[in-house]
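Shown next, in structure tokens, is the structure this report addresses.
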Amino acid sequence: MLAVDPGASIASIAAEAGVDRRTVYRRFASREDLLAAIYEVRLKAVEDAIEDARLREAPVAVALHRYVENVIGVNRTWPVDLSRMLADDTVRARRDASVREVDSFLERATEAGLLRRDLPRGWASALLPQLMHLVNRQLPELTPGQAADVVVDTLLHGLGTS
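Heads up: the sequence shown begins at 45 in this note's numbering, then just goes up one per residue.
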């Protein structure tokens, strides 16, 4: 609900969840506390997705697919407004650490010959999240594994026919 309407009230969130507004307030003192809890869970899920992908030790192609599949699952489970989420300095620092981990992995993928060396530095890092966002928006019927197949194939082979 917050992904569709970031300004949703506690009352509407409670109604959507099928609980009384007081039930939400018993757990969260304010809307900001609720958002902080959601951001924490999403951030932890991304960190777990990165860890599960074993970006440093798994074979590059396996790690790439696993990472993409995991993050697509997180994005579908926790579709929140990232700009609001990243306004918190602590959250931003943790997210930046995750980004650095993925950037290092993408450099590893380039060194392994999986990604082109002739592209500008950071190109894959900028493109990969956009592809994951696009597959979530335009192909929601795909499982996370199928969606990862599309993203990884597009990243590695582009849109050309040759």
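Ideal Cβ placement from N, Cα and C applies to all residues, glycine included.
| Quick one: Cα of Glu84 to Cα of Leu172, how far? | Inter-residue distance for Glu84 and Leu172 is about 23 Å (C-alpha atoms, whole angstroms).
| request: Compare the C-alpha of Ser169 against each of Val68, Leu199, Ile116 and Ala102 and name the closest. | output: Leu199
| Does DSSP put Trp122 in a helix, in a strand, or in coil? | coil
| query | Is the Cβ-Cβ distance between Leu99 and Ala107 less than 8 Å? | reply | Leu99 places its beta carbon less than 8 Å from that of Ala107.
| query | Taking Cβ to Cβ, would you say Met176 is nearer than 8 Å to Ile116? | reply | The beta carbons of Met176 and Ile116 sit closer together than 8 Å.
| said: In the DSSP assignment, the alpha helix (DSSP H) including Arg160 goes from what residue to what residue? | reply: Taken as a continuous stretch (DSSP letters only), Arg160 belongs to no alpha helix (DSSP H), as it is neither H nor E.
| query | Considering Val90, what are the terminal residues of the alpha helix (DSSP H) in which it resides? | reply | Arg75 to Ala97
| query | Using 8 Å as the threshold, is the stretch 75-90 in touch with the stretch 129-141, meaning 3 or more CB pairs across them? | reply | As far as the Cβ criterion goes, the stretch 75-90 touches the stretch 129-141, which means the pair count is three or higher.
| message | Quick check on DSSP: helix, strand or coil for Asp147? | response | Three-state result, Asp147: helix.
| field | Segment limits, alpha helix (DSSP H) that includes Gly189 | value | Pro188 to His201
| task | Please go through the same chain and pick out, in chain order, the residues whose beta-carbon is closer than 7 Å to the beta-carbon of Gly189, but skip the five residues on each side of it. | result | Glu113
| query | Using DSSP with H/G/I as helix, E/B as strand and the rest coil, what is Leu108? | reply | helix
| Reduced DSSP secondary structure (H/G/I, E/B, other) of Pro173 | The three-state reading of DSSP puts Pro173 in helix, counting H, G and I together.
| task | Determine the extent of the alpha helix (DSSP H) in which Arg66 is found, giving its start and end residues. | result | Counting along the chain, the unbroken alpha helix (DSSP H) around Arg66 starts and ends at Arg65 to Arg71.
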